[in-house]
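**Student:**
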Amino acid sequence: MVNVLKAKERSSKRRSRLRELREQGGIPAVVYGYRIENTPIVIDMGDFMRTMREVGRNGVINLELEGKKLNVILHEYQEDPIRKEVVHADFLAVDMSQEIEASVRVELSEDAEGVRDGGVLQQIMHEMAVTAKPDEIPEVIQVDISHLGVGETISVGEIRGNYSITINHEDAEPIATILAPRTEEENAEEAGETAASPETEDTTGTQE
Numbered sequence: 003m004v005n006v007l008k009a010k011e012r013s014s015k016r017r018s019r020l021r022e023l024r025e026q027g028g029i030p031a032v033v034y035g036y037r038i039e040n041t042p043i044v045i046d047m048g049d050f051m052r053t054m055r056e057v058g059r060n061g062v063i064n065l066e067l068e069g070k071k072l073n074v075i076l077h078e079y080q081e082d083p084i085r086k087e088v089v090h091a092d093f094l095a096v097d098m099s100q101e102i103e104a105s106v107r108v109e110l111s112e113d114a115e116g117v118r119d120g121g122v123l124q125q126i127m128h129e130m131a132v133t134a135k136p137d138e139i140p141e142v143i144q145v146d147i148s149h150l151g152v153g154e155t156i157s158v159g160e161i162r163g164n165y166s167i168t169i170n171h172e173d174a175e176p177i178a179t180i181l182a183p184r185t186e187e188e189n190a191e192e193a194g195e196t197a198a199s200p201e202t203e204d205t206t207g208t209q210e
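Those letters in the sequence shown? Residues 3 to 210, by my numbering.
#1: Below 8 Å on the Cβ atoms is my contact criterion, and I expect VAL74 with VAL96 to pass it. Report the Cβ-Cβ distance as a whole number of Å.
#2: Span of the alpha helix (DSSP H) holding MET54?
#3: Flag this pair as touching only if the region 24-38 and the region 72-86 have three or more C-beta atom pairs under 8 Å; answer yes or no.
#4: Assign ILE161 to one of three DSSP states: helix, strand, or coil.
#5: What is the DSSP secondary structure of SER18, counted as helix, strand or coil?
#6: Does THR53 pass the burial test, meaning 16 or more other C-beta atoms within 10 Å, or should it be called exposed?
#7: Could you name the residues of the same chain whose beta carbon sits closer than 6 Å to that of GLY58, not counting the 5 residues immediately before and after it, in chain order?
#8: Just to confirm my understanding: we take GLN209, look at its own chain, exclude 5 residues before and 5 after, and list those with CB closer than 6 Å. What are they?
#9: What residue ranges within the region 102-136 form continuous alpha helix (DSSP H) runs of no fewer than 4 residues, ordered along the chain?
#10: Between the C-alpha atoms of ILE126 and ILE180, what's the straight-line distance to the nearest angstrom?
#11: For GLU172, which of helix, strand or coil comes out of DSSP?
#12: Give the range of the beta strand (DSSP E) segment to which VAL62 is assigned.
#13: Apart from the five residues on each side of it in sequence, which residues of its chain come closer than 7 Å, Cβ to Cβ, to VAL106?
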């Protein structure tokens, strides 16, 4: 799915000007890649947020820049840690006929049998590196773990055939596992170790 996002070139990189752009509801950004040199731009914060909600993290965006249209994806972004607002974005212009590499979020679907039996779910892989054409990159990779029992693991090789894209991981790499439930003795031992404070002996001597 391709959505349109309008952008304008910006000439000043001064920090005061960047702050002014943000106060006016803009996001300083950069676009580079296929058929375009590294170009500083500014986009509207509201338009950007709406576009990302519609296309997702890996979706293709039609960037309109001074009359020129580019197919881009959001490559990287910086976020204000307090306000949780995007303060800078990097867009990669892509050739829709050529494959690119991307990171895709891994999402576990369905409750695991082992969890219902008291086991503890541990997700080991949260993102997968994939290679695909820009408009074929999925928003998430869904992994069905409903069949996993206690002590069992699902690995990359078991889900590779579910996707036509290239997954850039070894088959043996684990995605998630179900750990055995902790015994009451283990819980008690850990609680005891946490509560106990080690005694220290003053070994400092005095010299006469």
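From the three backbone atoms N, C-alpha and C, an ideal C-beta is built for every residue, glycine too.
**Tutor:** This is what the structure gives:
#1: 7 Å
#2: 47-57
#3: yes
#4: helix
#5: helix
#6: buried
#7: GLU141
#8: Bear in mind that a pLDDT of 45 at GLN209, under 50, signals an unreliable position, so the model cannot answer this.
#9: 115-118
#10: 11 Å
#11: coil
#12: 62-67
#13: ASN60, GLU129, MET130, VAL132, ILE139, PRO140, VAL142 and ILE143
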